[in-house]
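**Q** Residue numbers (the numbering used here), protein chains in the order written: chain A, 325 to 811; chain B, 682 to 1158. We put the beta carbon where it would ideally sit given N, CA and C, even for glycine. This structure is a prediction, so every number in the text was calculated from the model and none was measured. Have a look at this one.
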Amino acid sequence: MITTITIFFPLLGVLLMLLLRNADERTVRYSALGIAAVPLLLVLYVYFAYGGDLREASALTQSFDWISSLGIGYRVGLDGLGFGMFFLSALLTLIAVVASWDIRENPRQYFAILFVAELGMLGVFAAQDLILFYVFFEITLIPMYLLVGIWGDENRRPAAIKFFIYTFLGSTTMLAGFLALGMLSGPNFSIEALQESGALSRTAQVAVAAPILFGLLVKVPAVPLHSWLLDVYVSSPTSTNVMLSGVLPKLGTYGLIKIAVPLLPQGVEPFLPFLAIFGVVNIIYGSFVAFLQPDLKALVAYSSIGTLGFILLGVASGNAVGINGAVMQQVTHGLYSALLFILVGIIASRTGTRRIDEMGGLAARMPWVGGLLALGALAAMGVPGLAVFVSEFMSIMGGFEAFPVWGVLATLGLILGAMYLLFMLQRTIFGPMTLPTLEETEDAGPVEMAAVVPLAFLLLILGFVPSLLINVQRPAVEAVLVAIGGS
Amino acid sequence: MVTAQAFVGLIPEIVAFLFSLVVLMVGVFAPRATGLTTGLAAFGALVTFVSTVMLLALRFEGSFFGDGYVVDDFALYFKLIVALSAFFAVLAAAHWAGGTGDAPEYLNLILTVVVGSMLLVSMRDLFGIFVAIELATIPSYALVAFDRRRRESSEGGMKYLLTGMIASSILLYGIVLIYGTAGSANLTELSGAFAGQVSPVALLGLVLLVSGFAFKVSVAPFHFWTPDAYQGAPASAAAFLSVAPKAATFAVLLRILLEGMPEVAPSWTALSAVLAIVTMFVGNLLALRQRNVRRMLAYSSVAHSGYILTAFAALQGAGLQTAVQAVLIYSAAYAVMNLGAFFVIDLVGEETKSFNGLFRTRPGVALSMAIFMAALVGIPPFSGFFGKAWIIAAGAQSGAVIVYVAVAALVVNSVLSVPYYFGIIRNMFFEEAVTDAGRKERAVALKFSVYALAVATTLFAFFVGPLAALAGTSGLF
């Protein structure tokens, strides 16, 4: 019941935003803030009340028939695989509300659409039914399209529709796979029951796994399928970037961990080496292309693609360390990329440019922004002491165990990452001040700090005490391993 | 044997017929009372709907008039769709028809189409089917040509009439050939002629029959009348014709094929698959090129006929039951979203440009149209998603390669359709408003229909369970 309330609470926000027709901007912003805080508080309550083993907490699950003739049900519940992302979706929505303090045009509608997106994201990470998962998966799509298309920069319209068509192609293909899987094993669409039964033959599993993997990899995106990403990331307003990079790719990777691997162990098996290769290609390609970007936002976007590769590698490994790393990397990737995108937004709004070669000496005028940018970049490099290190290291360990060559190459990616990120830092926050606009610039204000500091704080905490997250996810990861091993 | 029972089974049709007469009579004696005629016609559609619900609730079933007329859950389900679409079409027509001064005639024609379509889904005799189809089609020629102030209307009506006549003769020719080989026109007795060694004449009859139906439901390559007819017709008529008679025609085709010719299923499923693939691509590719929203929706309705035919192709193997359900669910889902989309044209205008900036000037209408467009693409949680999902599910169960190909084509076509449906959304949400926008009309009933259908399209997820339960008991397999 708590889960259902948390998922659908944002609807109240949509309603409130529609009702506040004549309210001033201040009321709108603070009510949006209040609405966005509630799901986060509920998730924190769940963490402290049931964090030990989420699967045993029956208060979190809910299940009833929806379309009984096809075995489709409304089934929600939280487990260790989804909990981290469930938390992150709630957190990043709150941070997106704070970070959109600069949205001047129709904030009411902006927040209403953002809340619809939040509903979809929370739902995906709690759904325990294939069709329900798909429904929530798609609910995020139109809000994102509208957020980019209405509030983005001058290139927003083609970017928005390109994003929509690509990901819709992926998700419709995935839907066909889901329906085939559910109809051929029953019909039954309960994820839990499908994981236990494993009714399909090996050939059928492969045939069903192929469209599902394709759809999920487009969403991630894995590198040959990524061409929609750059335009939409660069065109988005900052707070949309937070959701686009922090949560949306994880819809794809979470689908791999939650559905593709445990439900179709034999079907996915032949594709696992390719998944590892995709991961390594993402890491290396992302780093190389990021190196060449003159635009700070594009650099962060490619860095984000790159570090998503570690999740793919960890999933492909099929062992405990790798999958634990992958599940955790989903969260840590969201934390650091959201942090960097918000900082880029702050810098761009202050200096009026995003070009790296025009910047320099930011730290002198904006010590907090500069310091946090350095922290974010260090996190992205995988420096020990920050949360990304733990998850990337685990993913590489797992990957190395399963595919030694790809594991080594992934490590190479780490070095490349360090190169372009340090180079970026050197040219932006250090060195002489080259921008004339920088002379009068002030450091981040209290509202902006409120958006970034929690992210930096979590990166540090999870870097030193990763068990806060890993202990929650471990039982669920073990269940996935049983499903793979039991095949 | 004509019994009292038979007349109970006919109550919905009798109600609709009586109201069509009353509406006409009111027009004779009180020609200026537009409100009264519209109210009566809407009330008539509602009573028809309620009486159909009553028959369902009483679990009324039976076969009457020498097995020529059957009342079962399957027929009643489609009668619900027809009656409800008529209700909304009448409400949506109120404002426009009042302006022409010919409201009684217009509403009478709509109710006559209702009678024809409702009889059609209950017919179990090929000649009865032909008569019912004509009863539904002949008034629709007049409906398309009804808008005398626009030249496109007469043009569309004329084209529709000519092609419709050809289609009817092809259909009749097919029926005659089948009758000749089978020795009976009753569906249950047909199955004998289509068992074992099937004569080539009977197969030719089948092909002609399917071609005739293909004309009626605008399946490519027999679709070319559709854009002109829907562009010319008054929006409420185009909306109604693209939903109610079409659903009924698909339903009776399903009945003929499943009850009359189950033995030759491999032939007609393969034929359906090929027609489905061609129709989907033709509809969507041509819709992409349109600048006029009516024509776009006309081609979109061609594409949607292709989607439904994919369910026909899946009527085999383990997918049989799911495929029948898919046709039923899809028809209901399509009814709410397509009616709404056509009605919005009546409110806003038929050029894509007239939708520019609608979100700023009329947010409620823009939001409703966005919902209809997203539903037509097949995005959850809107109604169209469930229709498509059901078809794909049936296809997955069917186990035939050609059906897999058709399902893959359906997936590709869903994506192909995104640019033109979302072009409207883009215009409404991203573009600046045109200067003469914001014209407010006092078309209360029309707006009510649009909003009610938008709500139904959005909350379809809640109806789909009961609808599926109803579809599951409809005894066509």
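Using the DSSP secondary-structure output, state which residues sit across from R679 of chain A in a beta bridge.
**A** Taking the first sequence and counting its residues from 1, the one referred to as residue 679 of chain A is at position 355. DSSP, once it has assigned bridges, lists A:D619 as partnering R679 of chain A.
**Q** Anything in the stretch 992–1017 of chain B with a Cβ closer than 9 Å to a Cβ of chain A? List those residues in chain order, please.
**A** Those would be A999, G1000, Q1002, T1003 and Q1006, in chain order.
**Q** Is it the case that the CB of G780 of chain B approaches a heavy atom of the ligand ATP more closely than 7 Å?
**A** In the structure on display, the ligand ATP does not appear, and there are no ligands present to speak of.
**Q** Given this structure, state the Cα-to-Cα distance separating T417 of chain A from A774 of chain A, to the nearest angstrom.
**A** To locate residue 417 of chain A, count along the first sequence from 1; it is residue 93. To locate residue 774 of chain A, count along the first sequence from 1; it is residue 450. Computed Cα separation, rounded: 13 Å.
**Q** Which class does E766 of chain A belong to by DSSP, given the choice of helix, strand or coil?
**A** Position 442 of the first sequence, counted from the first residue, corresponds to residue 766 of chain A. Reduced to three states, the DSSP call for E766 of chain A is coil.
**Q** With a threshold of 8 Å between beta carbons, is I1105 of chain B in contact with chain A?
**A** The residue labelled residue 1105 of chain B in the question sits at position 424 within the second sequence. It does not; no Cβ of chain A falls within 8 Å.
**Q** Return no unless some Cβ of chain B is closer than 8 Å to the Cβ of T497 of chain A.
**A** Sequence index remark: in the first sequence, residue 497 of chain A carries index 173 (1-based). Closer than 8 Å to some Cβ of chain B, the Cβ of T497 of chain A qualifies, so yes.
**Q** Which chain B residues are close to S462 of chain A, counting only those with a beta carbon under 7 Å from its beta carbon?
**A** As a working note, residue 462 of chain A is residue 138 in the first sequence. Sequence check: residue 462 of chain A is Glu here, not Ser. In chain order: I1060 and P1061.
**Q** Cβ of A780 of chain A within 8 Å of Cβ of L663 of chain A?
**A** Counting from 1 along the first sequence, the entry for residue 780 of chain A is found at position 456. Counting from 1 along the first sequence, the entry for residue 663 of chain A is found at position 339. Yes, Cβ-Cβ distance for A780 of chain A and L663 of chain A is below 8 Å.
**Q** Can you tell me the Cα-Cα spacing of G603 of chain A and S917 of chain B, whole angstroms?
**A** The residue given as residue 603 of chain A occupies position 279 in the first sequence. The residue given as residue 917 of chain B occupies position 236 in the second sequence. For G603 of chain A and S917 of chain B, the distance between alpha carbons rounds to 54 Å.
**Q** Would you verify that the beta carbon of G694 of chain A is, or is not, closer than 8 Å to some beta carbon of chain B?
**A** Start at 1 with the first residue of the first sequence, and residue 694 of chain A comes out as number 370. Output row for G694 of chain A: interface = no.
**Q** Could you please tell me which residues of the stretch 458–487 of chain A, in chain order, have their CB closer than 9 Å to any CB of chain B?
**A** Hits within the stretch, in order: Y458, V459, F460, F461, E462, I463, L465, I466, Y469, L470, G473, I474, R480, R481, A484 and I485.
**Q** Use the C-beta contact count for S1095 of chain B: other C-beta atoms within 10 angstroms, 16 or more gives buried, fewer gives exposed.
**A** Taking the second sequence and counting its residues from 1, one reaches residue 1095 of chain B at position 414. Counting Cβ neighbours within 10 Å, S1095 of chain B comes out buried, since at least 16 surround it.
**Q** Which first and last residues belong to the beta strand (DSSP E) in which I396 of chain A is found?
**A** Mapped onto the first sequence, residue 396 of chain A falls at position 72. Element bounds for I396 of chain A: I396 to V400.
**Q** Counting only Cβ pairs nearer than 7 Å, list the residues of chain A close to A1114 of chain B.
**A** Counted from its first residue, the second sequence places residue 1114 of chain B at position 433. Per Cβ cutoff of 7 Å: no residues; A1114 of chain B is ~14 Å from chain A at best.
**Q** Which residues of chain B have a Cβ atom closer than 8 Å to the Cβ of I489 of chain A, listed in chain order?
**A** The sequence position of residue 489 of chain A within the first sequence is 165, counting from 1. Result: V1096, V1099 and P1100.
**Q** For E1032 of chain B, write down the residues that DSSP places opposite it in a beta bridge.
**A** The residue labelled residue 1032 of chain B in the question sits at position 351 within the second sequence. Paired residues: B:N973.
**Q** Establish whether the CB of I1073 of chain B and some CB of chain A are separated by less than 8 Å.
**A** By one-based count along the second sequence, residue 1073 of chain B stands at place 392. Chain A contact via Cβ: present.
**Q** Anything in chain B within Cβ reach of L508 of chain A, meaning under 8 Å, just list it in chain order.
**A** By one-based count along the first sequence, residue 508 of chain A stands at place 184. Correct list: A1077 and Q1078.
**Q** Using alpha carbons as the reference points, say which of B:G1065, B:F724, B:W949 and B:K1069 lies closest to A770 of chain B.
**A** By one-based count along the second sequence, residue 770 of chain B stands at place 89. The shortest C-alpha separation from A770 of chain B is found at B:F724.
**Q** In the structure shown, what three-state DSSP assignment does F745 of chain B receive?
**A** For the purposes of this step, residue 745 of chain B is taken as residue 64 along the second sequence, with counting starting at 1. In this structure, F745 of chain B counts as strand in the three-state DSSP scheme.
**Q** Leaving aside the five residues before and after F332 of chain A along the sequence, list all residues of the same chain whose C-beta is less than 7 Å from its C-beta, in chain order.
**A** Mapped onto the first sequence, residue 332 of chain A falls at position 8. Hits under 7 Å: L443.
**Q** By a C-beta neighbour count over all protein chains shown, 10 Å radius and 16 as the cutoff for buried, is D1027 of chain B buried or exposed?
**A** Here residue 1027 of chain B corresponds to residue number 346 of the second sequence, with the count starting at 1. So D1027 of chain B counts as buried.
**Q** In this structure, what does DSSP give as the bridge partners for Y750 of chain B?
**A** The residue you call residue 750 of chain B lines up with position 69 of the second sequence. According to DSSP, Y750 of chain B bridges with B:F745 and B:M804.
**Q** Roughly how many angstroms separate the alpha carbons of A1022 of chain B and P770 of chain A, rounded to a whole number?
**A** Here residue 1022 of chain B is taken as the residue at index 341 of the second sequence, counted from 1. Here residue 770 of chain A is taken as the residue at index 446 of the first sequence, counted from 1. Each residue's alpha carbon lies about 47 Å from the other.
**Q** Tell me the rounded alpha-carbon separation between V891 of chain B and L852 of chain B.
**A** Residue mapping note: residue 891 of chain B aligns to position 210 of the second sequence, counting from 1. Residue mapping note: residue 852 of chain B aligns to position 171 of the second sequence, counting from 1. Their backbone Cα atoms lie some 8 Å apart in a straight line.
**Q** Please state if the CB of G1080 of chain B and the CB of G1030 of chain B are separated by a distance shorter than 8 Å.
**A** Here residue 1030 of chain B refers to the residue found at position 349 of the second sequence. Here residue 1080 of chain B refers to the residue found at position 399 of the second sequence. Not in contact: G1030 of chain B and G1080 of chain B (Cβ atoms no closer than 8 Å).
**Q** Mind reading off the beta-carbon distance from S495 of chain A to E516 of chain A? Whole number of angstroms is fine, and I expect it under 8 Å.
**A** As a working note, residue 495 of chain A is residue 171 in the first sequence. As a working note, residue 516 of chain A is residue 192 in the first sequence. Not quite, the Cβ-Cβ distance comes to about 22 Å (not below 8 Å), so this is no contact.
**Q** With a cut-off of 8 Å, does the C-beta of S811 of chain A fall near any C-beta of chain B?
**A** Here residue 811 of chain A refers to the residue found at position 487 when the first sequence is read from its first residue. Confidence at S811 of chain A is low in this model, with a pLDDT of 39, below 50, so the placement of that residue is unreliable and no value is reported for it.
**Q** What did DSSP end up calling I1060 of chain B once you bin it into helix, strand or coil?
**A** As a first step, residue 1060 of chain B is located in the second sequence; it is residue number 379 there, counting from the start. Three-state result, I1060 of chain B: coil.
**Q** Would you check if there are 3 or more beta carbon pairs closer than 8 Å linking the stretch 449–469 of chain A to the stretch 555–574 of chain A?
**A** Short answer: they touch.
**Q** Could you tell me whether the stretch 570–580 of chain A touches the stretch 694–711 of chain A, using the rule of 3 or more Cβ pairs below 8 Å?
**A** They do not touch, by the three-pair rule.
**Q** Among B:E870, B:I791 and B:R805, which one has its Cα closest to the Cα of I819 of chain B?
**A** Residue mapping note: residue 819 of chain B aligns to position 138 of the second sequence, counting from 1. Measuring from the Cα of I819 of chain B, the nearest candidate turns out to be B:I791.
**Q** Helix, strand or coil: which one does DSSP assign to S514 of chain A?
**A** In the first sequence, residue 514 of chain A corresponds to position 190, counting from 1. S514 of chain A: strand per DSSP, three-state reduction.
**Q** On the DSSP letters alone, give me the boundaries of the alpha helix (DSSP H) that Q686 of chain B sits inside.
**A** In the second sequence, the residue the question calls residue 686 of chain B occupies position 5. A685 to G690 is the span of the alpha helix (DSSP H), which, as asked, contains Q686 of chain B.
**Q** Specify the secondary structure class of Q386 of chain A as computed by DSSP and reduced to three states.
**A** Counting from one through the first sequence, the residue named residue 386 of chain A turns up at place 62. Q386 of chain A: strand per DSSP, three-state reduction.
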